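Trainee: One structure coming up, written as structure tokens, with questions to follow.
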Ligand code: NAD
């Protein structure tokens, strides 16, 4: 098993270090290799996704990714910005299915901005299509960009498009995931206004006929954004396009209290995957040692389960995370009165301690 470790920028390096520490406790044979990505790679090699990093990612069975980006790169031409590294990895590795579970841990019910009764027991899965939609259309406005901006320009536009195979394969992923859960899929679209999403909806219905045991319903994205805060437990599996999924999955993340808690997996058709926290590089807290590493640690658990076929090891990490939360340890983003505030490193150490059954501090 080979794991490519791509920490990236900002808090990326801090949180990935904790996840690697946790992986190293497991009695598993795997090889890891670390490479630069994002702004760090741009600084060293003039490109956010250098050939050497892409080669390593392609050869690995799985990629553990931190986060990329910093406001200081906003002036760069778009293809050189750190975030392009993620798009490049998704495209080159064919990572089309993004799984973002939003689970509300019992101990963190109070950290949510919603009333406890609305989110206690929340367990939803947002499946976001990753390789199509407006992020990969033809951004023709780009041709006139100067330093990534449009001084004096009269218009700029991006093109939204989906192909039939792209929608079909994500539909199958959603229906199959629903079969392992409560057999309900909500497809989120904007079919009332956008042709691309009428096409999406038609294909969802077509593919759905192959899964008569799974209930399919449809919701417009504006309504879905509202329902997610009004009655989030009404959802189970939500499948949607790249842009709507980007937004709704962050909204769902916040329902659970902190974006610092939520892992994600992006898989291709051979189960090779990129695993990363749902949040970004958090430049506002980078270097302070206060970032929550749990989303990355839980992403490493997803990696073991989905790409490396090590479900038991994944369970071990997830139970350790539950026990540090039960012991009252909290990074600042999930801190509440009566709990113990810990740093990024202390949280990682506590997970390791819980896995090795030594005493947990706090
Ligand atoms: P962000 O997710 O980085 O941060 C949003 C807020 O959440 C900030 O206040 C931050 O401090 C907090 N936060 C995020 N992760 C946290 C953690 N683990 N623990 C505690 N608090 C945490 O989003 P942003 O501020 O909009 O973007 C910052 C940079 O990250 C931008 O350059 C953006 O493009 C990039 N970004 C990268 C990815 C990625 O690498 N996959 C995803 C989203 C944003």
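Numbering (this note's numbering), first residue to last: 45 to 406. We put the CB at the ideal spot given by N, CA and C, even for glycine. All figures in this text were calculated on a predicted structure; none of them were measured in a lab.
1. Suppose the cutoff is 6 Å on Cβ atoms and the five residues either side in sequence are ignored; what does the same chain contact list for residue 242 look like?
2. How big is the Cα-Cα spacing for residue 138 and residue 105?
3. With a 10 Å radius around its C-beta and 16 neighbouring C-beta atoms as the bar for buried, classify residue 358 as buried or exposed.
4. Would you call the region 361-375 and the region 384-395 in contact, with 3 or more CB pairs under 8 Å?
5. What number of angstroms, rounded off, separates the C-alpha of residue 119 from the C-alpha of residue 193?
6. Measure the C-alpha to C-alpha separation of residue 372 and residue 160 and round it to an integer number of angstroms.
7. Roughly how many angstroms lie between the CA atoms of residue 215 and residue 305, to the nearest whole one?
8. Work out the CA separation of residue 328 and residue 387 for me, nearest whole Å.
9. I'd like the span of the alpha helix (DSSP H) that includes residue 290, first residue to last.
10. Just grab the DSSP bridge partners of residue 228 for me.
11. Just tell me which of 203, 165, 378 has its CA closest to the CA of residue 177.
12. Going by other Cβ atoms of all chains shown within 10 Å of its Cβ, with 16 needed for buried, is residue 263 buried or exposed?
13. Is residue 287 close to chain B? Criterion is C-beta to C-beta, closer than 9 Å.
14. Which of the three DSSP states is assigned to residue 89 in this structure?
15. Using 8 Å for Cβ pairs, my map puts residue 55 next to residue 309. What's the rounded Cβ distance?
16. Please go through the same chain and pick out, in chain order, the residues whose beta-carbon is closer than 7 Å to the beta-carbon of residue 400, but skip the five residues on each side of it.
17. Closest to residue 151 by CA distance: which of 219, 206, 164, 140 is it?
18. Given the structure, does residue 193 come close to ligand 1, in the sense that its CB is under 8 Å from one of the ligand's heavy atoms?
19. At what residues does the beta strand (DSSP E) containing residue 46 begin and finish?
20. To the nearest angstrom, how far is it from the Cα of residue 232 to the Cα of residue 353?
21. Measure from the alpha carbon of residue 209 to the alpha carbon of each residue in 299, 336, 141, 227, then state which is nearest.
22. Is it the case that the region 236-255 contacts the region 271-280, given that we only count it when at least three CB pairs across the two stretches are under 8 Å?
Mentor: Reading from the atomic positions:
1. Excluding the 5 residues flanking it on each side, residue 242 has same chain C-beta neighbours closer than 6 Å at 235, in chain order.
2. Each residue's alpha carbon lies about 14 Å from the other.
3. buried
4. Output reads yes: the region 384-395 touches the region 361-375.
5. 8 Å
6. Roughly 18 Å separates the two Cα atoms.
7. 27 Å
8. 16 Å
9. 286-299
10. 259
11. Per the Cα distances, 203.
12. Of the other Cβ atoms in all chains shown, 16 or more fall within 10 Å of the Cβ of residue 263; this residue is therefore buried.
13. No chain B appears in this structure, which consists of one protein chain only.
14. helix
15. In fact, because the Cβ distance is near 20 Å, the residues do not count as touching under 8 Å.
16. 69
17. 164
18. No, the beta carbon of residue 193 sits no closer than 8 Å to any heavy atom of ligand 1.
19. 46-52
20. 31 Å
21. 141
22. no
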